[in-house]
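Participant:
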Amino acid sequence: MKNTMLILLFAVCCFLFLFPSNISAHELFIQVEENETEQELRVDVLWGHLRDFLDEANHDQYELFVRYPNGDTDQLSIESIGVHAVSYVPITEEGAYTFWAVRKPSTYTPDSGITQLSNQMAKAIHYIGENSSNSNQPIDLNLEIVPAGDTSNFTTGNFESIILLDGVEVSDATVTAYGPEGEILEGASDQNGRIELNLDSSGEWLLKANVRTEETGMLEDEEYEVISQTSTLLIDTSETNEASSTNIWTLAAMFFIGLFIGAAIILLTVKRKSRAI
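Here it is in structure tokens:
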């Protein structure tokens, strides 16, 4: 019996050591996948950890919205598929498709014993074509990470953003960036709400901003003393498929042009030799 308890305790310790993120605070985030055949975007609202543990989807807890390239906005219907809450959006024009989601507020009590109201938000921007005029314009989120400039051609390097709380620049917001190679960058917004992070590896980066304010209230008969606002923005620093396909077509065009020129030179040489004979 004693040996069994020791083995069980050892297994639990190993689990906590190997999988710490699975039991840490979750994030709400959005991933967008383009289906060129169907000419539509698949939008996944996820609750958990990027590239790691995800909780089972409960689409009733989420609201999902889109801002189209022309500036129009719409609330999207959501369906649950496994651990994903999914929506499909037809591609109607070129430009920036900005998606944002809000999770139903909830309360939790950390080790400090102070009950908090948790507001979770997420945003992602997907580009079609070259037009992206409204990608750095804010949307209707309590807490928001707004790119300081156009990110349609951003790959790796310094990424500057502005943190807005209720539409106003907020200082001392805690900002964390999770990189594709396990990087964790941390910082805080300055007095103008700005922060710059060096996203130096290629792939998906999840930026998370958090602001906590002391404010009491009630949610479903439970009293809280602090409001915790958390918002994420997913940034893809890898080269787009469109750019890759463009390079392939460019190389193919250069090949056929070279082939045509080579054939023309050979024909001209053959004609000159035949005349000489």
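Sequence positions in the sequence shown follow mature numbering (1 follows the signal peptide of the UniProt record, and there is no 0) and run -25 to -1, 1 to 252. C-beta atoms are modelled at their ideal positions from N, C-alpha and C, and glycine is treated no differently. Since this is a predicted model, take the numbers as computed values, not measurements.
By Cβ distance, which residues of its chain are closer than 8 Å to V201, with the 5 residues on each side in sequence left out?
Facilitator: So the qualifying residues of the chain are I89, T90, Q91, L92, R187, T188, E189 and E190.
Participant: Along the chain, where does the beta strand (DSSP E) containing D211 start, and where does it finish?
Facilitator: From DSSP, the beta strand (DSSP E) with D211 extends over E197 to D211.
Participant: Between I114 and T73, is the Cβ-Cβ spacing less than 9 Å?
Facilitator: The answer is yes: Cβ separation under 9 Å.
Participant: For A97, which residues from the same chain have a beta carbon less than 6 Å from its beta carbon, with the 5 sequence-adjacent residues on both sides left out?
Facilitator: L3, F4, I5, A76 and T207.
Participant: Ignore the nearest five residues each way along the sequence and tell me which others in E68's own chain have a CB closer than 6 Å to its CB.
Facilitator: The answer, listed in chain order, is P44.
Participant: Just mark D211 as buried or exposed, buried being the case when its beta carbon has 16 or more other beta carbons within 10 Å.
Facilitator: D211 is buried by the Cβ-count criterion.
Participant: Jot down the residue ranges of each uninterrupted beta strand (DSSP E) in the segment 91 to 149, minimum 3 residues, whole runs only, in chain order.
Facilitator: Here the runs fully enclosed are 91 to 103, 118 to 122 and 132 to 140.
Participant: Classify M122: buried if its beta carbon has 16 or more other beta carbons within 10 angstroms, exposed otherwise.
Facilitator: According to the sequence shown, residue 122 is Pro rather than Met. So P122 ends up on the buried side.
Participant: My understanding is that N94 touches S203, with C-beta atoms under 8 Å, so please give their C-beta distance in whole angstroms.
Facilitator: With a Cβ gap of about 7 Å, N94 and S203 count as contacting.
Participant: Who are the near neighbours of M193 in its chain, counting only those whose CB is closer than 8 Å to its CB and skipping five residues on each side?
Facilitator: Closer than 8 Å at Cβ, skipping near neighbours: Y199.
Participant: Are L51 and V18 close, meaning C-beta to C-beta below 9 Å?
Facilitator: Yes, the Cβ-Cβ distance between L51 and V18 is below 9 Å.
Participant: In the structure shown, what three-state DSSP assignment does Q14 receive?
Facilitator: If DSSP states are grouped into helix, strand and coil, Q14 belongs with coil.
Participant: Pull up the DSSP beta-bridge partners for S81, would you.
Facilitator: S81 is bridged to S93.
Participant: May I have the straight-line CA-CA distance separating H101 from S127, to the nearest angstrom?
Facilitator: Near 8 Å, if we compare the C-alpha coordinates of S127 and H101.
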